[in-house]
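Taking it in order: structure first as structure tokens, then the write-up.
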Ligand SMILES: Cc1cc2nc3c(=O)[nH]c(=O)nc-3n(C[C@H](O)[C@H](O)[C@H](O)COP(=O)(O)OP(=O)(O)OC[C@H]3O[C@@H](n4cnc5c(N)ncnc54)[C@H](O)[C@@H]3O)c2cc1C
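So this is what it looks like as structure tokens:
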């Protein structure tokens, strides 16, 4: 006799895990399944040389939502990591986001007034060249917003690598604003809270899944059916649970009946380096077009600070390459252009008709979400 769960949760990512935790707190029983060999979805870390390596890309938790921050901290404490990426352009280093340190490195200016004057002059030059007309592409838009120097050195090459297209062939709307800080503040996020779980993201996932049944290497579509009476050897999900929580790709759920949604993806080249400190920072962006990768992540800096770095004699780095997504690759970023949004809307309308199924998370919503909004979404669903 099969066990009857209250919820069958498809996807052991952050969304599925927070819901499983809340369901258990509410006295409900759930089975969490994931097609991957591990739980955690994209926040999963692999330990290499004693370092937690962010296997699916660097993840920094940040939020201004106190409810979300208190919730994740009730599962695991967070460290004091503050994201302050550097940019490397032709061997010279610049602080990000654009702030007084960047302007000092770029122009040698030491006061906000001096920096404002140069920015204003550069913007004016671009306006003159464009004779007051609207920007026609991303290149013109960025130069209008920030002037030539920062565009050429810190935006152009990086953006072209990210999108695999020239900035002059990308639409202007991609860059709406380019915030500048007239203070010496390298903290990338404006949020009130940020950090990395002490002991790594797997601690957060393990804490959320404590005492919950989980089945890995289990693809929902291979083992369960949406039909009441499946004609193959699958079983109807209803036989094992009252409700289904689905956080996989929404187009796949509906058998791609309107067509496939597109994604952008990133590939990683991860190596172990025989030095305790390779680049002195977790994130260094390579903004030069000639260097094929977009950034190098040095994972130990997320969790080891000061002299602690040297207790671990090696380091692990990942070079990131922006890659065009092909079926079978990890779907990382939704392509929220008009065609894909329209397609996603059609699938969302189908999802809204399902009464026993809760859809959520980044793949089922086909939206780019940071971790905090995913936690918030999962905290707000009525269990
Ligand atoms: C490269 C990259 C960097 C990021 N950096 C940050 C950052 O710095 N800060 C931040 O806040 N956020 C960041 N994010 C966003 C963050 O990863 C997401 O917000 C979060 O992981 C979403 O959780 P989720 O549960 O919705 O999705 P996922 O983590 O994708 O989990 C979905 C799970 O469902 C499983 N699944 C799918 N289909 C099936 C099926 N048919 N059967 C069984 N299982 C299935 C998948 O295997 C996966 O484990 C980043 C994302 C990417 C891609």
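Numbering (my numbering), first residue to last: 23 to 405.
Ideal placement from N, C-alpha and C gives every residue a C-beta, glycine not left out.
For clarity, every value in this text was computed on a predicted model and none was experimentally measured.
Collapsing the DSSP output to three states places residue 363 in a helix. By the C-beta density criterion, residue 72 is exposed, having fewer than 16 other C-beta atoms within 10 angstroms. In the three-state reduction of the DSSP assignment, residue 344 falls in the strand class, which pools E and B.
Contact between the segment 92-108 and the segment 218-231 is present: 3 or more CB-CB pairs across the two stretches fall below 8 Å. The Cβ-Cβ distance between residue 123 and residue 117 falls below 8 Å. Residues 334 of the same chain have their beta carbon placed closer than 7 Å to that of residue 326, with the five preceding and five following residues left out of the count.
Within the chosen limit of 7 Å, ligand 1 does not reach the beta carbon of residue 351 with any heavy atom. Per the C-alpha coordinates, the member of 361, 212, 174 positioned closest to residue 84 is 212. Between ligand 1 and the CB of residue 208, the shortest heavy atom gap is not smaller than 7 Å. As a beta-bridge residue in DSSP terms, residue 265 pairs with 29. In the displayed model, residue 34 falls within coil according to three-state DSSP, outside both helix and strand. Taking a C-beta distance under 8 Å as the contact criterion, residue 149 and residue 157 do not qualify as a contact pair. When the Cα atoms are used, residue 138 and residue 266 turn out to be separated by approximately 55 Å.
Under the three-state reduction of DSSP output, residue 118 falls in the coil class, being neither helix nor strand. CA-to-CA, the gap between residue 358 and residue 126 works out to about 36 Å. For residue 150, the three-state secondary structure derived from DSSP is helix. C-alpha of residue 329 to C-alpha of residue 232: approximately 34 Å in a straight line. Considering only 132, 181, 51, 169, the residue with the shortest C-alpha distance to residue 143 is 169.
Note that the C-beta distance between residue 396 and residue 115 is not below 8 Å. Out of 44, 262, 238, the CA that lies nearest to the CA of residue 247 is found in 262. Unbroken beta strand (DSSP E) runs of no fewer than 3 residues, entirely contained in the segment 269-356, are found at 285-295, 305-308, 317-320, 337-346, following chain order.
Assignment of residue 257 by DSSP, reduced to helix, strand and coil, places it in the strand class. Out of 337, 316, 252, 275, the CA that lies nearest to the CA of residue 324 is found in 337. With respect to the 8 Å criterion, residue 61 and residue 405 are not classified as neighbours on the basis of their beta carbons. Residue 332 and residue 295 have their C-alpha atoms some 13 Å from each other. Within 7 Å of the C-beta of residue 367 there is not a single heavy atom belonging to ligand 1.
Taking a cut-off of 8 Å on C-beta distances, the segment 362-371 does not touch the segment 304-319, as fewer than three cross pairs fall below it. Scanning its chain for C-beta atoms nearer than 8 Å, with the 5 sequence neighbours on each side dropped, one finds around residue 166 the residues 145, 148, 149, 152, 157, in chain order.
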